[in-house]
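Scroll down for the structure; my scribbles are underneath it.
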Amino acid sequence: PAPAPPAFPAPSLPAPVLLEVTPRGLGIATVAGYCEELIRRNARVPTEARKLFTTSRDLQDMVRIIVCQGESRRLDNNTVIGDLVLQGIPPRPRGETSIEVTFSLDASGVLHVRARDAQTGAEQRATLALVGGVAQEDVAASRDRLQQLRR
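Its first residue numbered 4, the sequence shown is counted upward by one per residue in our numbering.
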């Protein structure tokens, strides 16, 4: 019989690192049926993002923040996962009121949303659970909900 080849120690490999990431992008509805992304798909969790938005109409005294999940720029192609209303903002000309929207996503998949009037400090908060795999019925229900919110 042939001699056994010499034994070499196996190279030491670093332990694998598992990272939690967002399954889909997260954003809010903006004018004309578009969606502005705040947290990108595959962002490491936990994560936080904030953006400033302005009012879209003259003398607007409230804003409705519609939160969506998905990568499309079109709101209709994303899933609406919730909304919140910030009321009592001083009526000003369009674009003069700044609303800071903050998304804070924790490791358990809970999204904390805050909308704050940058001038007055008035704010509203919401806590939303993220949608996992989306069935077609859920997409249809989400579109129905979006239509109701637009009324």
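Cβ coordinates follow ideal geometry from the N, Cα and C atoms, glycine included.
Straight-line CA distance for residue i to residue j?
| i | j | result |
| --- | --- | --- |
| glutamate 23 | valine 48 | 5 Å |
| glutamine 90 | valine 104 | 14 Å |
| alanine 110 | proline 93 | 36 Å |
| asparagine 45 | threonine 25 | 5 Å |
| lysine 54 | proline 96 | 20 Å |
| aspartate 64 | tyrosine 37 | 22 Å |
| threonine 130 | valine 113 | 7 Å |
| threonine 100 | aspartate 120 | 7 Å |
| phenylalanine 106 | threonine 57 | 17 Å |
| arginine 128 | histidine 115 | 7 Å |
| aspartate 79 | leucine 62 | 27 Å |
| glutamate 217 | asparagine 81 | The structure shown does not extend to residue 217, since the chain spans only 4 to 154, so no value can be given for it. |
Have a look at the DSSP bridge pairing and note the partners of residue i.
| i | result |
| --- | --- |
| arginine 128 | Arg117 |
| leucine 133 | The partner list for leucine 133 (beta bridge, DSSP) is empty, contrary to what the question assumes. |
| glycine 112 | DSSP, once it has assigned bridges, lists no residue as partnering glycine 112. |
Please check if any C-beta of chain B sits within less than 9 Å of the C-beta of residue i.
| i | result |
| --- | --- |
| arginine 53 | Annotation note: the requested chain B is absent from the structure, which comprises a single protein chain. |
Thinking just about the alpha-carbon of each residue, which of the options is nearest to the one in residue i?
| i | options | result |
| --- | --- | --- |
| leucine 108 | Arg97, Leu55, Leu133 and Ile102 | Leu133 |
| arginine 77 | Glu51, Thr58, Ala118 and Gly28 | Gly28 |
| arginine 102 | Ala5, Leu114, Val66 and Asp61 | Just to set this straight, residue 102 is isoleucine in the shown sequence, not arginine. Answer by Cα proximity: Val66. |
| alanine 52 | Arg154, Arg153 and Ala118 | Ala118 |
Inset, instruction - Kindly confirm or deny that the segment 65-74 and the segment 28-43 touch, where touching means at least three C-beta pairs closer than 8 Å. - result: yes
Legend entry - Meets three-Cβ-pair contact criterion under 8 Å: the segment 145-154 and the segment 116-126: no
Legend entry - Ordered list of beta strand (DSSP E) runs contained in the segment 33-109, each at least 3 residues: 38-42, 50-57, 65-72, 82-90 and 101-108
Legend entry - Three CB pairs or more closer than 8 Å across the segment 38-45 and the segment 86-102: no
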